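Numbering (my numbering), first residue to last: -2 to 730.
Yeah, the Cβ is synthetic: ideal placement off N, Cα and C, and Gly gets one too.
Since we're looking at a predicted model, the values are computed, not measured.
Below: the structure, in structure tokens.
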Ligand code: GLC
């Protein structure tokens, strides 16, 4: 922490109540000057404030770079009696200007160090751009691909999400002493990803047990890693909106987890206590939010309009306001802003860092590691001797592959698939045709048009190999981007059918922000590569994977369902009292036990499960062993398995380790990820991988005695994904 010598208690005492309340207000930059509309990420309401309130505001969200930051900061300080610097925050979600793959893609890399690197690089660029706090990591656990914001999450597993949460916090913050560290803001607390129907901002309702077992661990991991800020979620938790929820924000977050950082509302979430029906007006919303411990009100002004009166009426004790102000001042002090209100902001450095070779190399490598090879039956990897490649589809030459939260990222700086292929093969061996649009017909009339089919089919016939580049327009996911139908837009499915009917060697590459229903495509196509939104270097990264210069190593962290009708479908589910006895993934055949938990028209298991992904090589697992079949609370067990690369090329395998608690005081999941090891093996190389079982990893939220392990039978599992595992029984005695 910067140890500038300012005495915050003294400073607090010197503040008028208006100056105190001003620190709790966060505004977009255009309210400070009129040359930037800033990053509008929520509904704009009439703020009802004037320059008096604006000149007292404590923070700004969404500036556009160092120059603007310096302008706003200097104008602001010139008018601020107590010279308390503004705090600048922004959504640096997966890169600042050099954009990484979306978090759901990064999650599929299972490369925790690379995730940390992505945050480090983003922090360096953002800090030079004058940003002090990023509204990241988003660690909402997700099980419903209808929800547009699954693209921001790292997936369906609490343990893995927790590792990523920690890595992102470390990468952004370091120890917050360097000017290129920025504070992390973990969000959206809590359980925003469980919106009913996968519809954004919808009701969330679950037991405290489910909340604690699945949805809370990753937020806690970020808090334990030292995240300096936390953002409230838009939804209710147990019937009370997070931004007014004293149980969640004080009893749990402050008292149980000892979080002493700053709590910021999401955009407008304090005002939304009114439509939520827990506040009759802005005054009651302000009272409930402050009592819940929301320190900063983002982009609404109920604190500014009502806190003074609430304190004067004795409805709120001024100590609550002081508490919030102190937390905000402490963060400003720890960031060194009292020493240097312009810390980090440096136009020259910003220009030097943005899109520099080192950062482009980092985002490209991250993209290569994040792609998931879903099918590989003979086309991939392509040979560089190929005479002609036809790249067909709405993502054949499309720069909009940054995802919905790339903010400062610029499409015009993004490498398209066409460019990536030309960088590999040269102009004359790459034929390109869009074929159709990437949008939804419900949104864009031309999205139904098949006019481009003819040209697409023509070049496909001419080429030796076809790359079918399909996916979702980036605006069909992200905030407010929810869909009831998670198939590819139907004109794309039609194009795919026509191209595949040519019986040319064809590889499908998908650019999308959610698991899609690709069941039909999966039946028709021999080779499918999930590229997600791969970021600024996307085209080069995809080309490297297509030609085998990078061997795909991604493993899904969120299941691809057979259909939206299966949703939610996730690996760490309960067994139920009537489990489907046959292989989980198979269709039920007529006459079998009707009275078990199954569908008549689809398997129980997803099309592609958690942990799944292929490689251009083959990894063979030896027989797994466990050193003993029982352990006391104090002992440990060791599971070992050999893995051999039996193919012809080097590759990286993510050996996954799961545990099942056969019987507990509450029903326990079929399996839970408890560890994994990434091993990179040359062709023919073999290695032994070890996992340790200790009592701590067997703990859960028991029925009566808190978070503890319970004696009894367990199964340890190892394998390449959550479905293909070897089972080893053991007992905790
Ligand atoms: C948005 C998002 C949140 C983001 C904030 C500021 O509404 O919900 O994730 O950080 O506003 O842009």
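With a cut-off of 6 Å, the C-beta of residue 404 is classified as distant from the ligand GLC, since no heavy atom of the ligand falls inside that distance. For residue 16 and residue 344, the gap between their C-alpha atoms comes out near 31 Å. Excluding sequence positions up to five before and after residue 273, its CB lies within less than 7 Å of the CB of 233 and 238, all in the same chain and listed in chain order. Straight across, the Cα-Cα distance linking residue 168 with residue 434 is about 38 Å.
If you draw a straight line from the Cα of residue 650 to the Cα of residue 607, it is about 15 Å long. The C-beta of residue 514 has 16 or more other C-beta atoms within 10 Å across all chains shown, which makes the residue buried. Inclusion of residue 264 in the 6 Å shell around the ligand GLC follows from its C-beta lying nearer than that to a non-hydrogen atom of the ligand. Look at the beta carbons and you see the stretch 49 to 61 touching the stretch 84 to 101: at least three pairs across the two are nearer than 8 Å. Distances taken from the Cβ of residue 88 to the heavy atoms of the ligand GLC include one shorter than 6 Å.
Contact annotation, residue 727 with residue 711: C-beta distance approximately 5 Å; criterion of less than 8 Å satisfied. Per the Cβ contact rule, the stretch 569 to 587 is not in contact with the stretch 671 to 688 (fewer than 3 Cβ pairs under 8 Å). Between the ligand GLC and residue 616, a heavy atom-to-CB distance of less than 6 Å is absent. It is roughly 11 Å from the alpha-carbon of residue 572 to the alpha-carbon of residue 660.
Sixteen is the threshold: since fewer than 16 other Cβ atoms of the shown chains lie within 10 Å of the Cβ of residue 592, the residue is exposed.
DSSP places residue 296 in the coil class of the three-state scheme, outside both helix and strand.
By the Cβ neighbour-count rule, residue 75 is exposed, with fewer than 16 other Cβ atoms within 10 Å of its own. When rounded, the separation of the alpha-carbon atoms in residue 99 and residue 112 is 11 Å. Approximately 7 Å separates the beta-carbon atoms of residue 400 and residue 475; this is inside 8 Å, confirming the contact. Exclusion of residue 471 from the 6 Å shell around the ligand GLC follows from its C-beta lying no nearer than that to any non-hydrogen atom of the ligand.
Between the ligand GLC and the CB of residue 587, the shortest heavy atom gap is not smaller than 6 Å.
In terms of Cβ geometry, residue 130 and residue 226 form a close pair [threshold 7 Å]. In the DSSP assignment, residue 209 falls outside any beta strand (DSSP E) and carries neither an H nor an E.
Taking the C-beta atoms as reference points, residue 221 is found no nearer than 7 Å to residue 259.
Residue 182 is bridged by DSSP to 226. For residue 633, the three-state secondary structure derived from DSSP is strand. Its Cα nearest to that of residue 666, the residue 713 stands out among 644, 635 and 713. With respect to residue 297, residue 265 sits close: the two C-beta atoms are nearer than 7 Å.
The count of Cβ pairs closer than 8 Å, one atom from the stretch 620 to 634 and one from the stretch 594 to 604, stays below three, leaving the stretches out of contact. Counting C-beta pairs with one atom in each stretch, the stretch 611 to 622 and the stretch 641 to 658 have three or more that are closer than 8 Å, which means they touch. The way I'd put it, the stretch 507 to 524 does touch the stretch 452 to 469; three or more beta-carbon pairs between them come closer than 8 Å.
By the neighbour-count criterion, in which 16 or more other beta carbons inside 10 Å mark a residue as buried, residue 500 falls on the exposed side. When DSSP states are grouped into helix, strand and coil, residue 616 belongs to the strand group.
According to the DSSP secondary-structure assignment, residue 305 is paired through a beta bridge with no residue.
Taken atom to atom, the span from the alpha-carbon of residue 340 to that of residue 157 is near 34 Å.
In this structure, the alpha-carbon of residue 443 lies about 29 Å from that of residue 502. For residue 421, the enclosing alpha helix (DSSP H) has its first and last residue at 414 to 422.
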